[in-house]
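From first to last, the protein sequence lines are chains A and B. Reading the first sequence from the start, the letters are residues 233 to 517 in the working numbering. Reading the second sequence from the start, the letters are residues 117 to 576 in the working numbering. Glycine residues also receive a C-beta, built at the ideal position from the N, C-alpha and C atoms.
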Amino acid sequence: MSITTLFDNYSEFRHRHPDGDVPHNPYKWAMAIDLDACSGCNACSVACYAENNLPVVGKEKFAHGQVMHWMRIERYWDHDGSEFPERGARYLPMLCQQCEAAPCETVCPVGATNHTPDGLNSQIYNRCIGSRYCSSNCPYKVRYFNWYDYPTTDNVWPAEMNMQLNPDVTVRGKGVMEKCTFCIQRIRGAESDAKTQGRLVRDDGELQTACQQACPTSAISFGNLVDPESRVHKQWRAQQVDLDKHEQVKDQAEGGTDLRGYRIYEWLAPYPSIMYLERVRESEI
Amino acid sequence: MKDIREDIAWAQINTDVLKSLENPRKLYWVILFIAIALVGVAVGCEIYQYNMGLGVGNFDNPHMWGLYIASFIFWIGMSHSGTLLSAILHLMHADWRKPIYRFAEAMTTFSLMTAGLFVAVHLGRIWQIYFALPYPNMRQVWPNFQSPLLWDAMAIFTYLSSSILFLYIGMIPDLAICRDNIHSGWRKRLYTVLSLGWEGTDRQWRNFRMTYLTIACFLIPLAVSVHSIVSGDFASSQQPGWHITSFPPYFVAGALYSGCAAIITLFIILRYVFKFEEYMTKSILKKVARLTFAIAMIWTYLVWIEYSMAWFGHNPHDKHLLIEKATGTYAPFWWMMNFCASVVPLTLAFKRFQTNIPVLLAVSLLLNLGMFLERWMIVAPTFADGYYPWTWDHNQWPSLVQWGIVLGSFGWFTMLFMIFCKVFPSVSMYEVKEMVYHRSLATKKLQATGELAAAGKGAH
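This is the structure we're talking about:
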């Protein structure tokens, strides 16, 4: 233990984003969400609760904003003067955007949230001291804090119910921050399976996130952005969205284009890993 | 106006100040009792919060921070004026600071201690707080040096340790006086140990002066940097209402402002409970009031810069936030803050209020109310009306647990401060002697040259 490790190791474990060093070899996990296909059914959210051991906090705490849904469906009403049955709504599935230059990572005093070489924004529960600075600096507000001790004092999973917990996922105690991990337990499983068999993770459904798996309209696609054959890569290509730019062809084109791909708050330059495909309204065609 | 008598005997100064260690007015015990009761409330709230989790404070997503962080900034800010009085004015040879700098420096130390508590109280896992310290460990895990919270921790520790040192070193000659005048009991032993064998030889005085000056010089950059770093918590984040370049000077001005107001409050209280009318004179009060007025105007100017930048900057998010501050959930507090911190200090411009003790007490309390609200209005509205529209309709009001801990922090500060003033001389005896001596010398010189009559006034 010497003071030099302070400087050496520190730079070694940090990645420069999104283009500084050579991460993303051989994987860069990314997502594309087609808002035209999303029907706002919340199946993804439910699947996420089941997969990631999310506590169901109850009506009161939900209304209070203390809900723990890593995957949330936001509903935005149209402002065209029409009333409820006719009034249009849009849905936006919102989850951690796994930013390449994540605002949450730099501010954590203990370095509990970090970037992995395969492009994930990881959260180390054991290291988290609960300063909540990450959430304060998150433009999307997709980080959820354990305001109560859900597993024990709140008894979210009473006796038999705890058999439903996913053994691959940590059950979080009070006072730690958590958020969507892109189902890191599945990613790591698939990655090590592929490694032992001497190949890369295939893009044939070998690896799916829980939300993607549950989506009845296949609005969510997830995969390796580095693999030119993957569906995600093709979607990003088709929409001319580049991971390491904070202004895309769509934004620069004058008079609009047919491109639908965009990333939320790109101009803040967090370089999110999720591309959304704009909803196309009949009235606008 | 009546100031400290220039012909006051040095022994008289000793007697008067040492009396404050013995028999304060009854109000002292009332204040101390209330303060300890408030600390009890806060401890109860903290135990409850520790057991249940932070949810009992009524936090939610997106309202991640609340009164705790606001109070943290408030207490850090409060500490700055002590250094202004004790270090900056020391270098500027402003002799009027001498009777009051000791308690101002104590205020610095104790408000920093209070602020430090809020860092802990605010954490989700308070028992892991040492993770944020760069301590050597087997796993070779270091804290994140990019995080402004870590800069905060370092700045505060540096400032706190230097302030304690400065307070203590400045007190050594006085502790020796206490040692020599108190003849029995635990106090005698305490003063004997703390006065480090001070005898008042020439050599000791020379070393003492040098040390004191060095630490004063060391403290001044700290006083500016600490609150700049605290402002970095906000300015170096990405959120609307926080990501503002003018924050460091704005925070430093706000810090000096609330600190000066607190000095007025404590001045008036100490003057009464310890019967310091002879030393804490109205002419000093007048100078502090003028200083407060000047800083209040600087602060008002900087706050208008902030509003103008949001308004004319055409960043839709900043502008939206500013409009929401003035019209939304927090509007009553926002307007109250602007009134208390920008309009109320105008009374200090009038000469007749600069020495009117009831008015000054009320004004100084209002100023600090304004400054507390200001800190809250920096922290909270950004969560309520930040970037993300989905989070806009979540209203949040801090629970009684939060308010209890905030109130308790005032009790904690008052308790420490009051105990300090009872145990240690809160007026610097040796410096008052110096001041009186220098003033009488100046008067004599003027008398000798006959300029006093020409100037038509006293020595100061």
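{"Asked": "Please confirm whether R495 of chain A has its beta-carbon closer than 8 Å to some beta-carbon of chain B.", "Found": "no"}
{"Asked": "Starting from V565 of chain A, find everything on chain B with Cβ-Cβ shorter than 7 Å and list it in chain order.", "Found": "With chain A represented from 233 up to 517, any question about residue 565 of chain A goes unanswered, as that position is not in the structure."}
{"Asked": "For W492 of chain B, count the other beta carbons within 10 Å of its own beta carbon; 16 or more makes it buried, fewer makes it exposed. Which is it?", "Found": "buried"}
{"Asked": "Output yes if chain A places a C-beta closer than 8 Å to the C-beta of L239 of chain B; else output no.", "Found": "yes"}
{"Asked": "Give the DSSP-derived three-state secondary structure of G272 of chain A in the structure shown.", "Found": "coil"}
{"Asked": "Measuring straight from C-alpha to C-alpha, what distance separates R255 of chain B and C370 of chain A?", "Found": "29 Å"}
{"Asked": "As a quick exercise: from A:L397, A:V401, A:V289, A:F414, pick the residue whose alpha carbon is nearest that of M326 of chain A.", "Found": "A:F414"}
{"Asked": "Let's see if you can read the secondary structure: which residues bound the alpha helix (DSSP H) around A269 of chain B?", "Found": "264–297"}
{"Asked": "DSSP three-state label for D211 of chain B, please.", "Found": "helix"}
{"Asked": "Tell me whether the beta-carbon of G169 of chain B lies closer than 8 Å to the beta-carbon of N378 of chain A.", "Found": "yes"}
{"Asked": "Taking G171 of chain B as the reference, which of B:M531, B:I150, B:W513, B:G527 has the closest Cα?", "Found": "B:W513"}
{"Asked": "What span of residues does the alpha helix (DSSP H) with P178 of chain B cover, start to end?", "Found": "That residue, P178 of chain B, is in no alpha helix (DSSP H); it is neither H nor E in DSSP."}
{"Asked": "Using only alpha-carbon positions, find the residue among A:M300, A:W302, A:Y323 that is nearest to Y308 of chain A.", "Found": "A:Y323"}
{"Asked": "What residues of chain B sit near F377 of chain A, judged by a beta carbon separation below 8 Å?", "Found": "L170, F175, N177, M180, G240"}
{"Asked": "Let me check you understand the geometry: is the CB of I293 of chain B closer than 7 Å to at least one non-hydrogen atom of the ligand ADP?", "Found": "Judged by which ligands are present, the structure shown has none, so any question about the ligand ADP falls away."}
{"Asked": "If I measure Cβ to Cβ from S243 of chain A and keep anything under 8 Å in the same chain, skipping five residues before and after, which residues do I get?", "Found": "A caution first: S243 of chain A carries a pLDDT of 49, below 50, which makes its placement in the model too unreliable to give a value."}
{"Asked": "With a CB to CB cut of under 8 Å and the five nearest residues on each side skipped, what residues in its chain are close to G124 of chain B?", "Found": "Note that residue 124 of chain B is Ile in the sequence shown here, rather than Gly. The residues are E394, V552."}
{"Asked": "Do A231 of chain B and W202 of chain B count as a contact pair if the criterion is CB distance below 8 Å?", "Found": "The sequence shown places Ser at residue 202 of chain B, rather than the Trp named in the question. Not closer than 8 Å, so no."}
{"Asked": "Compare the C-beta of N369 of chain A against all C-beta atoms of chain B and say whether one is closer than 8 Å.", "Found": "yes"}
{"Asked": "Could you give the C-beta distance for G520 of chain B and C161 of chain B, rounded to a whole number, given that I count them as a contact under 8 Å?", "Found": "4 Å"}
{"Asked": "With DSSP as the reference, please indicate the residues paired to Q355 of chain A in a beta bridge.", "Found": "A:T345"}
{"Asked": "Beta strand (DSSP E) containing M507 of chain A: first to last residue?", "Found": "506–509"}
{"Asked": "Does I124 of chain B come out as helix, strand or coil in the three-state DSSP assignment?", "Found": "coil"}
{"Asked": "Is it true that the CB of E490 of chain B sits closer than 8 Å to the CB of G370 of chain B?", "Found": "yes"}
{"Asked": "Establish whether the CB of G574 of chain B and some CB of chain A are separated by less than 8 Å.", "Found": "Confidence in G574 of chain B is poor, its pLDDT being 47 and thus under 50, which makes the residue's placement unreliable; the coordinate value appears in the next sentence. No, G574 of chain B lies away from the interface with chain A (no Cβ there is under 8 Å from its Cβ)."}
{"Asked": "Determine the burial state of W243 of chain B: buried for a count of at least 16 other Cβ atoms within 10 Å of its Cβ, exposed for fewer.", "Found": "exposed"}
{"Asked": "Could you tell me the distance, in whole angstroms, from the CA atom of K391 of chain B to the CA atom of R141 of chain B?", "Found": "8 Å"}
{"Asked": "Beta-carbon of T430 of chain B versus every beta-carbon of chain A: anything under 8 Å?", "Found": "Here residue 430 of chain B is His; the residue named in the question, Thr, does not match the sequence. Chain A contact via Cβ: absent."}
{"Asked": "Excluding the 5 residues flanking V157 of chain B on each side, which residues of the same chain have their C-beta closer than 7 Å to its C-beta?", "Found": "G520, L523, G524"}
{"Asked": "Could you work out which residues of chain A lie near S353 of chain B, taking near to mean beta carbons separated by less than 7 Å?", "Found": "V339, S368, N369"}
{"Asked": "So if I threshold CB-CB distances at 8 Å, which residues from the region 260–278 of chain B count as touching chain A?", "Found": "N260, F261, Q262, S263, P264, L265, L266, A269"}
{"Asked": "Which same chain residues end up closer than 8 Å to R319 of chain A when comparing Cβ atoms and leaving out the 5 residues on each side of it in sequence?", "Found": "W309, D310, D312"}
{"Asked": "Going by C-alpha to C-alpha distance, which of B:P215, B:L239, B:H196 sits closest to M223 of chain B?", "Found": "B:H196"}
{"Asked": "Using a Cβ cut-off of 8 Å, which residues of the region 508–519 of chain B contact any Cβ in chain A, in chain order?", "Found": "H510, Q512"}
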